[in-house]
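Note that the protein sequences, when read in sequence, are chains A and B. With my numbering, the residue at position 186 of the first sequence is 186, and numbering never jumps. With my numbering, the residue at position 113 of the second sequence is 1113, and numbering never jumps. Here a beta-carbon is modelled for each residue, glycine too, at the ideal position from N, C-alpha and C.
Number of protein chains: 2
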Amino acid sequence: MSEGAVTPAPASDRADEIRARIRARGGAATIYDIAELAGVNPSTVSRALGKPGRISVATAERVQAAASELDFRINPAARALQTGKTGMLGLVVADITNPVVFDVVRGAEHEAADAGYTLVIAESQESGENESEVIERLLPSVDALVLATTRLAPERLLDIAGRKPVVLINEAVDEVPSVVADVETGVNEVIDHLVALGHTSLVYLAGPSTSWISRRRWEAIFAAAERADVAIVEAGPNVPTIDGGRDAARRVLALRATAVIAYNDLMAIGLMQALAAEGIAVPSQLSITGFDDIFGSDLIVPALTTVRTDLEAAGRRAVAMTLQDQSQPQTPVAPLLTGLIVRGSTGPAPR
Amino acid sequence: MSEGAVTPAPASDRADEIRARIRARGGAATIYDIAELAGVNPSTVSRALGKPGRISVATAERVQAAASELDFRINPAARALQTGKTGMLGLVVADITNPVVFDVVRGAEHEAADAGYTLVIAESQESGENESEVIERLLPSVDALVLATTRLAPERLLDIAGRKPVVLINEAVDEVPSVVADVETGVNEVIDHLVALGHTSLVYLAGPSTSWISRRRWEAIFAAAERADVAIVEAGPNVPTIDGGRDAARRVLALRATAVIAYNDLMAIGLMQALAAEGIAVPSQLSITGFDDIFGSDLIVPALTTVRTDLEAAGRRAVAMTLQDQSQPQTPVAPLLTGLIVRGSTGPAPR
DNA sequence: TTGTAGGCGTTATCAT
DNA sequence: ATGATAACGCCTACAA
């Protein structure tokens, strides 16, 4: 038991000793611990772990062994301090519980994870001031920023973009890279769809006046309607929520149109609810369409005809752009496609 | 213009000079820059910014002025390296696009922001292995962790909890703090509601077998049904999604019950869709209820009767617990209330 | 109250 | 291929 016992192998002996020391100081293993266990210099450990090629296979293996022996995890703060890279990406959205951003968040998270980055999500609560603060708080700890639904003024945006790479989603500001869906395709499809159903008088239920994408949709709708030779009018601005759609019902009805293209599905849903309450039948008396194809659009009755955008792809792409070497020429990518999904909320125009 | 021009005030002159130097080295202002501009030692700057009381008012003000003059933001990495505190909190969820987690995320984000922390969100994609990896990656960069829908084994959980503070949501493991909704109240209300409608044969459409909260709900339902003297049977396990609910329809119908309590709203919705496809009327032929009251539950027709949990409060509370001094005695808090929301999917039992 | 002097864990730049 | 050493920006004894 005592004298006669064989001494444990020196290697694991040493490991135990080091482990004890680590525990004693109440921290995690560092490259110094590994260096000691592997019998090399800390800088060699750093290289072995960081740059595969630049070290002899033998030492690399010894280091790897020691590292896993001691359950080593690199200290991100120490690395960040030295390199300036935090390995984190920021995503700022106006409202986390807005179904529209779900898919953006998912796409962004996946792309970030795939690239070995961690995603930090912050909510601006639809307020520009808040958004500014949030961004200031986030900026020092992220390598880049994706703004999904910014309410910031262009100057402010440019200022931020000057400090860290910034990518916008569905928003365009000169000089700031952005991921924007190809509005035209989907819009043309809606208009064609409605015209084919015999509608000759349309309403665009606009979003917030500060929303770049709402204007963009309006322009595309206007052009398509003009081309199709049907009446078109913009009603708004409106709050882009279910309540916003509900509140607009009376104004919409007063326009005596036969079809409404809402800025987004949330508003379309609100509008449909208000219409139902007023006893207006959809689609027999009024056809309704939305944008986004959010969760819930196919749950409502009648199910909503809508222009779908691949928001998950938007999130992925925004993150990918963010990681692109800024000095490299941007590889031009195909625009995000949009397409019409025809469901029950559109039908023949009443006569 | 040249000779006659008044020299700018020395102070701002100095500031410009320092600003130029900062720009030249392509970084942000440091406490050294501030120290220089304010004419004090860097350590004094650190104190002035960090601990209000321990510095003379005059110097504190000079430092503050210099800091905002140079637009100083503290370098989180440098601070973290020294203090071991990163100022970040991790939230791990199984599926970001699951409506159930939205409110948790929002609550957590708000509480974190209020406490001056930044929330990092990671997705485990419903896989325990994945979750483990994600957590390992996250752990070194966060001060604490909230696991919203963990699939991890208790031992693993305990291991993680030993390294950083961990709080669980709707999941209980010995020794690991958690936020759990008070299932009983809501469950008793559903059962009472169904019994009052004349139902005598109920089905619980269970969630995943690994879900602690699904078992918890089942136990409460069983007890309440027993007390009310109505038949109750568990059907499952099932995948807790719309598709999972859809797939269970045939099995549910075969049970010839008159009311189904689904593990969550997603499954209830899927079930309702499948029933509609089969021509089964809800609630006249079959009453359906869910849990969670997610977005969409009041959109579907008939709108879903469901047991609502304040998930946002759960998120807030979990984060708050996370930040609590671990050495302090935990202040016991009132359990999260749940309550029944009666909508159209439940009605009198068919006779 | 303020200055001095390390040190946190890593990477980068020299040497060797 | 590897070792020594100096930063990175902040915090914190300790001294003054």
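Grab me the residues of residue 1338 (chain B)'s own chain with a C-beta within less than 7 Å of its C-beta, minus the 5 sequence neighbours each way, in chain order. Reading the second sequence from its first residue, position 338 is the one you call residue 1338 (chain B). Once the five neighbours on either side are set aside, the close Cβ partners of residue 1338 (chain B) are 1181, 1182, 1183, 1185, 1186, 1307, 1308, 1309.
What are the boundary residues of the beta strand (DSSP E) that includes residue 1291 (chain B)? As a working mapping, residue 1291 (chain B) is identified with position 291 in the second sequence. Residue 1291 (chain B) -> beta strand (DSSP E) spans 1287 to 1292.
Segment contact, 8 Å Cβ cut-off, at least three pairs: the stretch 1075 to 1083 of chain B with the stretch 1051 to 1060 of chain B: Counting C-beta pairs with one atom in each stretch, the stretch 1075 to 1083 of chain B and the stretch 1051 to 1060 of chain B have fewer than three that are closer than 8 Å, which means they do not touch.
Going by the DSSP bridge assignment, what does residue 144 (chain A) pair with across the sheet? If you number the first sequence from 1, residue 144 (chain A) lands on position 144. Paired residues: A:89.
In this structure, does DSSP put residue 117 (chain A) in helix, strand or coil? Counting from 1 along the first sequence, the entry for residue 117 (chain A) is found at position 117. In the structure shown, the three-state DSSP call for residue 117 (chain A) is coil.
Along chain B, which residues have their Cβ under 7 Å away from the Cβ of residue 345 (chain A)? Taking the first residue of the first sequence as 1, we reach residue 345 (chain A) at position 345. Within chain B, not a single residue places a beta-carbon under 7 Å from that of residue 345 (chain A); the smallest gap is close to 13 Å.
When DSSP builds the beta bridges, which residues end up paired with residue 204 (chain A)? For the purposes of this step, residue 204 (chain A) is taken as the residue at position 204 of the first sequence. Answer is A:234, A:261.
Within-8 Å CB hit, residue 1103 (chain B) to chain A: Counting from one through the second sequence, the residue named residue 1103 (chain B) turns up at place 103. Closer than 8 Å to some Cβ of chain A, the Cβ of residue 1103 (chain B) qualifies, so yes.
For residue 1315 (chain B), report the span of its alpha helix (DSSP H) as first-last. The count along the second sequence starts at 1 and reaches residue 1315 (chain B) at position 315. Where residue 1315 (chain B) is concerned, the enclosing alpha helix (DSSP H) stretches over 1311 to 1323.
Along the stretch 1289 to 1303 of chain B, where does the CB come closer than 8 Å to a CB of chain A? Name the residues. Taking 8 Å as the Cβ-Cβ cut-off against chain A, the residues of the stretch 1289 to 1303 of chain B that qualify are 1295, 1296, 1299, 1300, 1301.
The beta strand (DSSP E) spanning residue 1167 (chain B) covers which residue range? Here residue 1167 (chain B) refers to the residue found at position 167 of the second sequence. It spans 1166 to 1169 - the beta strand (DSSP E) in which residue 1167 (chain B) sits, taken as one unbroken run.
Count the C-beta pairs between the stretch 208 to 227 of chain A and the stretch 165 to 179 of chain A that are closer than 8 Å, then say yes if the count reaches three, no if not. Contact annotation: the stretch 208 to 227 of chain A touches the stretch 165 to 179 of chain A, with at least three C-beta pairs closer than 8 Å.
Which bits of chain B does residue 46 (chain A) rub up against, with CB to CB less than 8 Å? For this step, residue 46 (chain A) is matched to residue 46 along the first sequence. Under the 8 Å cutoff, chain B gives no residues; its nearest Cβ is about 15 Å from residue 46 (chain A).
Using a Cβ-Cβ cut-off of 7 Å (strictly less than) and excluding sequence neighbours within five positions of residue 131 (chain A), which residues of its own chain qualify? As a position in the first sequence, residue 131 (chain A) is number 131, starting the count at 1. Contacts found: 92, 124, 150, 151, 152.
Can you grab the Cα-Cα spacing for the pair residue 200 (chain A) / residue 236 (chain A), in whole Å? To locate residue 200 (chain A), count along the first sequence from 1; it is residue 200. To locate residue 236 (chain A), count along the first sequence from 1; it is residue 236. Approximately 20 Å between the Cα atoms of the pair.
Starting from residue 152 (chain A), trace the beta strand (DSSP E) both ways and give me its first and last residue. For the purposes of this step, residue 152 (chain A) is taken as the residue at position 152 of the first sequence. Neither: residue 152 (chain A) is in no beta strand (DSSP E) and is coded neither H nor E.
Against residue 1081 (chain B), what residues of chain A qualify as contacts under a CB-to-CB distance less than 9 Å, listed in chain order? In the second sequence, residue 1081 (chain B) corresponds to position 81, counting from 1. Contact of residue 1081 (chain B) with chain A by beta-carbon distance below 9 Å involves 75, 77, 78, 80, 81.
Limits of the unbroken alpha helix (DSSP H) element including residue 81 (chain A): As a first step, residue 81 (chain A) is located in the first sequence; it is residue number 81 there, counting from the start. Secondary structure note for residue 81 (chain A): its alpha helix (DSSP H) is the uninterrupted segment 76 to 83.
Chain-ordered neighbours of residue 316 (chain A) on chain B, where CB pairs are closer than 9 Å: As a first step, residue 316 (chain A) is located in the first sequence; it is residue number 316 there, counting from the start. Result: empty, since nearest Cβ-Cβ is about 13 Å, beyond 9 Å.
Looking at the strands, I want to know which residues DSSP matches up with residue 338 (chain A). Looking up residue 338 (chain A) in the first sequence gives position 338. In the DSSP output, where bridge partners are listed per residue, residue 338 (chain A) has A:309.
Relative to the alpha-carbon of residue 1145 (chain B), which residue among B:1129, B:1020, B:1163 has its alpha-carbon at the smallest distance? Within the second sequence, numbered from 1, the residue matching residue 1145 (chain B) stands at position 145. Closest by alpha carbon: B:1163.
Suppose the cutoff is 7 Å on Cβ atoms and the five residues either side in sequence are ignored; what does the same chain contact list for residue 122 (chain A) look like? Locating residue 122 (chain A) in the first sequence gives position 122, counting from the first residue. 90, 92, 134, 138.
Which partner residues does residue 1123 (chain B) have in the DSSP bridge list? Within the second sequence, residue 1123 (chain B) is the residue found at index 123, counting from 1. Under DSSP, residue 1123 (chain B) forms a beta bridge with B:1093.
So the candidates are B:1259, B:1295, B:1017; which of them puts its Cα closest to the Cα of residue 1066 (chain B)? As a working mapping, residue 1066 (chain B) is identified with position 66 in the second sequence. Checking every option, the nearest Cα to that of residue 1066 (chain B) belongs to B:1017.
From residue 1116 (chain B) to residue 1041 (chain B), what does the alpha carbon distance come to, in whole angstroms? As a working mapping, residue 1116 (chain B) is identified with position 116 in the second sequence. As a working mapping, residue 1041 (chain B) is identified with position 41 in the second sequence. If you take the alpha carbons of residue 1116 (chain B) and residue 1041 (chain B), they lie about 27 Å apart.
According to DSSP, is residue 1297 (chain B) part of a helix, a strand, or is it coil? Residue mapping note: residue 1297 (chain B) aligns to position 297 of the second sequence, counting from 1. Secondary structure at residue 1297 (chain B): coil, using DSSP grouped into helix, strand and coil.
Would you kindly work out how many angstroms separate the C-alpha atoms of residue 1323 (chain B) and residue 1311 (chain B), rounded to a whole number? As a working note, residue 1323 (chain B) is residue 323 in the second sequence. As a working note, residue 1311 (chain B) is residue 311 in the second sequence. Straight-line Cα distance between these residues: approximately 19 Å.
Taking buried to mean at least 16 other C-beta atoms within 10 Å of its own C-beta, is residue 36 (chain A) buried or exposed? Taking the first sequence and counting its residues from 1, one reaches residue 36 (chain A) at position 36. With 16 or more Cβ atoms within 10 Å of its Cβ, residue 36 (chain A) is classed as buried.
Of all Cβ atoms in chain B, is any one closer than 8 Å to the Cβ of residue 124 (chain A)? Position 124 of the first sequence, counting from 1, holds the residue named residue 124 (chain A). Using a Cβ-Cβ cut-off of 8 Å, residue 124 (chain A) does not count as an interface residue toward chain B, since no Cβ of chain B sits closer than that to its own.
Simplified DSSP state of residue 1178 (chain B), which is helix, strand or coil: The count along the second sequence starts at 1 and reaches residue 1178 (chain B) at position 178. Residue 1178 (chain B) falls in the strand class under three-state DSSP.
Is there a Cβ from chain A that is less than 8 Å from the Cβ of residue 1096 (chain B)? Residue mapping note: residue 1096 (chain B) aligns to position 96 of the second sequence, counting from 1. By this cut-off, residue 1096 (chain B) is an interface position.
8 Å Cβ cutoff, residue 70 (chain A) in contact with chain B: Working through the first sequence from its first residue, we reach residue 70 (chain A) at position 70. No, residue 70 (chain A) lies away from the interface with chain B (no Cβ there is under 8 Å from its Cβ).
Secondary structure at residue 1134 (chain B), three-state DSSP: helix, strand or coil? Looking up residue 1134 (chain B) in the second sequence gives position 134. Helix.
Kindly give me the distance between the Cβ atoms of residue 44 (chain A) and residue 59 (chain A), rounded to whole angstroms, as I take these residues to be in contact under 8 Å. As a position in the first sequence, residue 44 (chain A) is number 44, starting the count at 1. As a position in the first sequence, residue 59 (chain A) is number 59, starting the count at 1. That pair is a contact at about 6 Å.
Please classify residue 174 (chain A) as buried or exposed, where buried requires at least 16 neighbouring CB atoms within 10 angstroms. Working through the first sequence from its first residue, we reach residue 174 (chain A) at position 174. With fewer than 16 other Cβ atoms within 10 Å, it is exposed.
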